[in-house]
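Protein chains in written order, with my numbering: chain G, 2 to 140; chain H, 2 to 140; chain Y, 2 to 140.
Beneath this line is the structure, given in structure tokens, with notes to follow.
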Amino acid sequence: MSVQTYPIRLSTNGQTEVRDITAAVQEVIDRSQLAAGTATVFCPSSTSGLTTIEYEPGCVADLRRMFAELLPSTREYAHNAAWDDGNGHSHLRAALLGPSLTVPFTGGRMTLGTWQQIIYVDFDIRPRQRELIVQVMGE
Amino acid sequence: MSVQTYPIRLSTNGQTEVRDITAAVQEVIDRSQLAAGTATVFCPSSTSGLTTIEYEPGCVADLRRMFAELLPSTREYAHNAAWDDGNGHSHLRAALLGPSLTVPFTGGRMTLGTWQQIIYVDFDIRPRQRELIVQVMGE
Amino acid sequence: MSVQTYPIRLSTNGQTEVRDITAAVQEVIDRSQLAAGTATVFCPSSTSGLTTIEYEPGCVADLRRMFAELLPSTREYAHNAAWDDGNGHSHLRAALLGPSLTVPFTGGRMTLGTWQQIIYVDFDIRPRQRELIVQVMGE
């Protein structure tokens, strides 16, 4: 059994940009040379989150609309009133989606479905340099 | 320390069907003969998800209504416009709920609450044969 | 590699109270003397959940309003009709947020962002004595 931790670096535009990070996570598993275990992907950020989806333009557009409707950027937020940084909705969207995703792998490959990709969603309101954490644990 | 991976097979009706898979996950832990560690349950699918709930008919009905109201099947989705498969809402519900659940166990038993069950929710719009992944890691 | 499991005990007021448990989780990692691995935090409860957020009064107020609006306590729930315990909305909020959070640590420290705290949200409608589970696994 071993634990290995690697970063994934991304330049994002924010504004609920959706990025497919499946290949980058698989690359970490490849580099670890582990056969079976879990990959934990983690966002060290309170304005972005992770999930899986069928990564095609329709689903991506629908997901962005979902967040725009459930948690609009245009209304008032107590966070904005206090800090005047305009990303109150980003914090809520991130808290709702969650910062962490754990994916099993066997035979060196993640157990994803055929039409299932791991996505990183950056809810912040300006371009960001992001560093995600991928930690693999297994044997 | 060891890692063991087993499938759980389910025939579902889709349409936001809610299934209690607690016993099936516990069975995997029993079979592993591990005493302490984590069970990671994973849906290799982009139209289904996992969480816990008090599995009784009232909560199950309320949960199904919640998804029907937050993400109705009856409106337009870009996914449907592109692929004409009618399950745009299924993808969003699955992405929001998430495909992964990690539950600790000690003394060979999951640390669930008395009224807490692990549920699999199939949001697809037709019956499906599903194979979930349970990966246990521990000692 | 080793697995260690500890409780975190909390007295809460319920009513979507938001508590910062970051220091309590870090204390478990310190006590374990492990350098690298994952901390899995788990709520053995179907009326509370976990996520991360920037823990400042504005974001906390916004998060509480989000749950009050998406899943109001004031409407009818089938759970309440059947059990007359008035916490139908608590169950849905908990199922949506999720009971489990996995956070990597390296060099004995969690890989959290600067403005990111781990929060426990108690959605129940009365004060509760809660015991969360923190399981650390690593080396």
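Glycine included, C-beta positions come from ideal geometry on N, C-alpha and C.
Helix or strand or just coil, what does DSSP make of residue i?
i, result
"residue 55/G", "coil"
"residue 138/G", "strand"
"residue 77/Y", "coil"
"residue 97/Y", "helix"
"residue 126/G", "coil"
"residue 72/Y", "coil"
"residue 21/Y", "strand"
"residue 47/G", "coil"
"residue 40/H", "strand"
"residue 111/Y", "strand"
"residue 5/G", "strand"
"residue 34/H", "coil"
"residue 118/G", "strand"
On the CB-based measure, 16 or more other CB atoms within 10 Å of its CB, does residue i come out buried or exposed?
i, result
"residue 14/G", "exposed"
"residue 1/H", "No information on residue 1/H is available, as it lies outside the stretch 2 to 140 that chain H covers here."
"residue 31/Y", "exposed"
"residue 25/G", "buried"
"residue 27/H", "buried"
"residue 108/G", "exposed"
"residue 85/G", "exposed"
"residue 45/H", "buried"
"residue 73/H", "exposed"
"residue 117/G", "buried"
State the Cα-Cα distance for the pair residue i and residue j, rounded to the nearest angstrom.
i, j, result
"residue 100/H", "residue 12/G", "26 Å"
"residue 96/Y", "residue 76/H", "24 Å"
"residue 60/H", "residue 78/G", "31 Å"
"residue 38/Y", "residue 83/H", "42 Å"
"residue 58/G", "residue 115/G", "17 Å"
"residue 88/G", "residue 81/G", "7 Å"
"residue 91/G", "residue 56/G", "21 Å"
"residue 29/H", "residue 136/H", "8 Å"
"residue 106/H", "residue 7/Y", "12 Å"
"residue 134/G", "residue 41/G", "8 Å"
"residue 110/G", "residue 103/G", "14 Å"
"residue 93/H", "residue 132/Y", "33 Å"
"residue 128/H", "residue 68/H", "18 Å"
"residue 71/H", "residue 53/Y", "22 Å"
"residue 9/Y", "residue 113/G", "33 Å"
"residue 3/G", "residue 139/G", "6 Å"
"residue 1/Y", "residue 36/Y", "Nothing about residue 1/Y can be read from this structure; chain Y reaches only from 2 to 140."
"residue 5/G", "residue 126/Y", "42 Å"
"residue 16/Y", "residue 98/Y", "15 Å"
"residue 43/Y", "residue 43/H", "17 Å"
Given 8 Å as the limit, is there contact between the region 119-130 of chain G and the region 12-24 of chain G, that is, 3 or more CB pairs closer than that? yes
The region 57-74 of chain H / the region 49-58 of chain G touching (three or more Cβ pairs under 8 Å): no
Mind listing which residues of the region 36-48 of chain G have their C-beta closer than 7 Å to chain Y's C-betas, in chain order? 41, 43, 45, 46, 47
Of the residues that make up the region 84-106 of chain Y, which ones have a beta carbon closer than 7 Å to any beta carbon in chain G? 99, 102, 103, 104, 105
Can you give me, in chain order, the residues of the region 106-118 of chain Y that have a beta carbon less than 7 Å from any beta carbon in chain G? 107, 112, 113, 114, 116, 117
Give, in chain order, every residue of the region 56-81 of chain H whose Cβ lies closer than 9 Å to some Cβ of chain G. 71, 72, 78, 79, 80, 81
Against chain H, which members of the region 117-137 of chain Y pass a CB distance test of less than 9 Å? 134, 135, 136
Positions along the region 2-31 of chain G whose CB lies within less than 8 Å of some CB in chain Y: 2, 3, 4, 6
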